[in-house]
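Novice: Questions regarding the structure given below will be posed in turn.
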Amino acid sequence: MSAAHTTPCRRILCSRYLQPRLTPKTPGRRPHLSKIPNTLELHRSLASGRGLGIQLRTMSTGFASEALFGGLPIGILSDSYKAGHFTQYPKATEASAYGEFRRGYNKDKEDTRCVFYGIRYIVETFLHRRWTRSDVDNVSKFYATHKAPFNTEYPWPKDLFYDIVEECDGYFPVKLEALPEGTCVNSHVPVFQITARGKYTGLVTFLETLLCQVWYPTTVATLSRRCRQIVEDGFDRSVDDDRKFLVPSRLHDFGFRGCTCAEQSVIGGCAHLLSFEGSDTMSAAYYAQFVLNGGKAVASSIPATEHSVMMSWETEKEAIENMIEVYGDGIFACVMDSYDYARALDEILPSVASKKNARGDGGYMVLRPDSGDPVEAVLMALRAAEKVFGSEVNSKGFKVIKGCGVIQGDGINIDGLRRILEAAMEAGYSAENVAFGMGGGLLQKVNRDTMSFATKLSAIVPESTGEERIVMKAPKTDVGKTSLPGRLAVKYVEGEGGMRTPTVFPKDLVSPEDNLLEVVYDHKPVGKEWDSFDRVRERVADTWRALAPAADAVSQEMRSLQAQHNPHNK
1 MSAAHTTPCR RILCSRYLQP RLTPKTPGRR PHLSKIPNTL ELHRSLASGR
51 GLGIQLRTMS TGFASEALFG GLPIGILSDS YKAGHFTQYP KATEASAYGE
101 FRRGYNKDKE DTRCVFYGIR YIVETFLHRR WTRSDVDNVS KFYATHKAPF
151 NTEYPWPKDL FYDIVEECDG YFPVKLEALP EGTCVNSHVP VFQITARGKY
201 TGLVTFLETL LCQVWYPTTV ATLSRRCRQI VEDGFDRSVD DDRKFLVPSR
251 LHDFGFRGCT CAEQSVIGGC AHLLSFEGSD TMSAAYYAQF VLNGGKAVAS
301 SIPATEHSVM MSWETEKEAI ENMIEVYGDG IFACVMDSYD YARALDEILP
351 SVASKKNARG DGGYMVLRPD SGDPVEAVLM ALRAAEKVFG SEVNSKGFKV
401 IKGCGVIQGD GINIDGLRRI LEAAMEAGYS AENVAFGMGG GLLQKVNRDT
451 MSFATKLSAI VPESTGEERI VMKAPKTDVG KTSLPGRLAV KYVEGEGGMR
501 TPTVFPKDLV SPEDNLLEVV YDHKPVGKEW DSFDRVRERV ADTWRALAPA
551 ADAVSQEMRS LQAQHNPHNK
């Protein structure tokens, strides 16, 4: 596979595994190290279609990681049964399908908002990758033994796949429209629409498997935004207005080590960073900064101990004093429960107070409990810190501890975050005293069913009639899975108080200028200039705020169309 046919995003994520082999111009001469491009140069070069004289070792070398990330033929990046659907669809000249989130986070009916995010990664990683004859040759060898029983040939569109290489310049022959990254919508709003035409119509849903992966960053982005809403509500209640700049630092991404792979850490970690700035997932922070935001910083972290550090000293007191010595004029965190959490708070914390106070007013120490009941652990730390360092009462009547706070990073999920903030405020402490770290609860404990993502066919033009046939799914056993019929468009509907609801309409009722679904790919890359990460962040904040939590985002015209084409009404 040539460098021009590798995927820029995956090259960055997997540069550790995919060691580039530079081919020197003069045989036998090794290139000077200064000539080896870094990952950012690789991304820029590959994204623009320019080669850098780089060749990847192929699957035949036996490197498993290279086979996984660089050698999989794109023709098998789908579910098996998708390969046979070209024979199962009626012969047609055009067809459309779409993707939607069918319910709110964790079946929440009172707040069905979601933060759409992640389509850029899918488009750039997979759709911008050109198929080669080698890809199809490899696919052919695979399909030849894939059908049960007896490993016979599985039905697959062999001729069409070769035609994609010869007639479509290797690009998958579909048109893809999608909402702008960071757009907040209620459930049942199409987030993308895919259209196939001509002899490729039977491949309209072949990419569903890849496109469905947008569920993950969207779900993480939605979870993170819901957490931010809880934090903002707590700040509105208990924090002075001039301290609200702290909101973006209140939820820290601790999730890298719980991810299944580095790629997941980047995709999910970036989704979290749409609503917060705190992250220890450097893979995501780096990627968001240099690939998505033109080098402008996106995330930050603070020096902090772990249990191994605390245990390496003779006493916890010495470990904490070392942190004060090295980082005491800034923000730093110490884990406090390596041995006896209560003793650490009652005896060790007072013993280091004088050393901390001697560093002046600039230092801020963060206490980190890491076991026990999360609510009680945070309250214990707040009380101990107040006793040692004192507190002030702000204009809203809540206590703000001087030079010290707490971060709870053990066992945190959205419900636990809410309970801890409520308990702290009930005890009289301002929400600014508490920060959170979320790991598996943020990046791992979600799935496609968390917001019920699905892709469905909505329209087809059979060859037999030449007329568009509107289709929809309408299972009697689950009306929540009823799909949207026809070709679709999304436009804003203005409401009271500046509220704006992205609402789905039949496409012929929405002008192209008003349609929020933008063309992001059309049988080849369209040269789209994607918004910077900062702009996507702004869009998330603006559209979330302007969207009613449980707005009905299906227009009356679409409801009428659903009723008209519902087979149970006939």
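Each residue of the sequence shown is one higher than the last, beginning at 1 in the UniProt record's numbering.
Think of the CB as a built atom: it goes at the ideal place given N, C-alpha and C, for glycine as much as any other residue.
1. Candidates 547, 508, 174: which alpha carbon is nearest residue 501's?
2. Between the C-alpha atoms of residue 145 and residue 125, what's the straight-line distance to the nearest angstrom?
3. List the whole-angstrom C-beta distance separating residue 277 from residue 299, where the pair is believed to meet the contact cut-off of C-beta under 8 Å.
4. Starting from residue 124, trace the beta strand (DSSP E) in both directions and tell me its first and last residue.
5. Leaving out five residues before and five after residue 89 in sequence, what residues of the same chain have Cβ atoms less than 8 Å from its Cβ?
6. Would DSSP call residue 112 helix, strand or coil?
7. Where does the unbroken alpha helix (DSSP H) through residue 217 begin, and where does it stop?
8. Enumerated in chain order, which unbroken segments of the beta strand (DSSP E) with a length of 3 residues or greater are wholly contained in the stretch 476 to 543?
9. Our contact map puts residue 272 next to residue 283 with C-beta atoms below 8 Å; I'd like the distance itself, whole angstroms only.
10. Can you check whether the CB of residue 135 is closer than 7 Å to the CB of residue 74?
11. From 469, 347, 506, 549, pick the residue whose C-alpha is nearest to that of residue 92; which is it?
12. For residue 440, collect the residues of the same chain with a Cβ closer than 6 Å to its Cβ; drop the 5 residues on either side in sequence, then sort them by chain order.
13. Taking Cβ to Cβ, would you say residue 114 is nearer than 7 Å to residue 218?
14. When you compare only the Cα positions, how much space is there between residue 521 and residue 174?
15. Can we say the stretch 550 to 561 touches the stretch 98 to 113, given the rule of at least three CB pairs closer than 8 Å?
16. Tell me the DSSP secondary structure of residue 190 in three-state form.
17. Alpha carbons only, please: which of 208, 245, 178 is nearest the one belonging to residue 118?
18. Measure how close the beta-carbons of residue 220 and residue 471 come, nearest whole angstrom, since I'm counting them as under 8 Å.
19. Quick one: using the 10 Å Cβ neighbour count with 16 as the cut-off for buried, is residue 316 buried or exposed?
20. Suppose the cutoff is 7 Å on Cβ atoms and the five residues either side in sequence are ignored; what does the same chain contact list for residue 345 look like?
21. Would you say the stretch 481 to 499 touches the stretch 154 to 162, given that touching needs at least three Cβ pairs under 8 Å?
22. Apart from the five residues just before and just after residue 44, which ones in its own chain have a Cβ nearer than 6 Å to its Cβ?
23. Would you say residue 189 and residue 388 are within 7 Å of each other, going by their C-beta atoms?
24. Using the C-alpha atoms, what's the distance from residue 137 back to residue 59?
25. Mind checking whether residue 407 and residue 375 have CB atoms under 7 Å apart?
26. Please report how far the alpha carbon of residue 449 lies from the alpha carbon of residue 488, in whole angstroms.
27. From the DSSP output, in three-state form, read off residue 455 for me.
28. Please return the same chain residues whose Cβ sits closer than 6 Å to the Cβ of residue 331, not counting the five positions on each side in sequence.
29. If distances are taken between C-alpha atoms only, which option among 243, 186, 340 comes closest to residue 311?
30. Are there 16 or more other CB atoms within 10 angstroms of the CB of residue 443, so buried, or fewer, so exposed?
31. When DSSP builds the beta bridges, which residues end up paired with residue 139?
32. Can you list, in chain order, the residues of its chain whose CB lies under 7 Å from that of residue 328, leaving out five sequence neighbours each side?
33. Are the CB atoms of residue 240 and residue 395 within a distance shorter than 7 Å?
34. Between residue 224 and residue 275, is the Cβ-Cβ spacing less than 7 Å?
35. In this structure, how does DSSP classify residue 412 when only helix, strand and coil are distinguished?
36. Looking at the secondary structure, which residues open and close the alpha helix (DSSP H) in which residue 356 lies?
Specialist: Looking at the atomic coordinates:
1. Looking at the Cα atoms, 547 is the closest of the given residues.
2. Residue 145 and residue 125: Cα-Cα distance of roughly 28 Å.
3. Taking the Cβ atoms as the reference, residue 277 lies roughly 6 Å from residue 299, within the contact range of under 8 Å.
4. Residue 124: not part of any beta strand (DSSP E); DSSP gives it neither H nor E.
5. For residue 89, where only same-chain residues beyond five positions count, the Cβ hits under 8 Å are 95, 201, 202, 204, 460.
6. Reduced to three states, the DSSP call for residue 112 is coil.
7. Residue range 215 to 238 is occupied by the alpha helix (DSSP H) that includes residue 217.
8. List check, beta strand (DSSP E) in window: 488 to 494, 500 to 506, 518 to 522.
9. Under the criterion of beta carbons closer than 8 Å, residue 272 and residue 283 do not qualify as touching, at roughly 12 Å.
10. Yes, these two residues count as a Cβ contact at 7 Å.
11. Answer by Cα proximity: 469.
12. Counting only Cβ-Cβ distances below 6 Å, and skipping sequence neighbours, we find 258.
13. A distance below 7 Å separates the beta carbons of residue 114 and residue 218.
14. Straight across, the Cα-Cα distance linking residue 521 with residue 174 is about 8 Å.
15. A contact exists between the stretch 550 to 561 and the stretch 98 to 113.
16. For residue 190, the three-state secondary structure derived from DSSP is strand.
17. Nearest to residue 118 by alpha-carbon distance, out of 208, 245, 178, is 178.
18. Not quite, the Cβ-Cβ distance comes to about 32 Å (not below 8 Å), so this is no contact.
19. For residue 316, the number of other beta carbons within 10 angstroms of its own is at least 16, and it is reported as buried.
20. Within the same chain, residue 345 has close Cβ partners 336, 380, 381, 384.
21. Short answer: they don't touch.
22. For residue 44, the pLDDT reaches just 47, beneath the cut-off of 50, and the residue's location in the model is therefore unreliable, leaving the point undetermined.
23. No, the Cβ-Cβ distance between residue 189 and residue 388 is not below 7 Å.
24. With a pLDDT of 40 at residue 59, under the threshold of 50, the modelled position of that residue is not reliable, and no figure is offered here.
25. No, the Cβ-Cβ distance between residue 407 and residue 375 is not below 7 Å.
26. Distance between the alpha carbons of residue 449 and residue 488: 23 Å.
27. Correct three-state label for residue 455: strand.
28. Contacts found: 302, 364.
29. For residue 311, the closest of 243, 186, 340 by C-alpha to C-alpha distance is 340.
30. Buried: at least 16 other Cβ atoms inside 10 Å.
31. Note: residue 139 sits in no beta bridge, so no partner.
32. 356, 359, 363.
33. Residue 240 sits close to residue 395, with the two beta carbons spaced by under 7 Å.
34. Yes; because the gap between Cβ atoms is below 7 Å, this pair is in contact.
35. Under the three-state reduction of DSSP output, residue 412 falls in the coil class, being neither helix nor strand.
36. Its alpha helix (DSSP H) spans residues 349 to 358.
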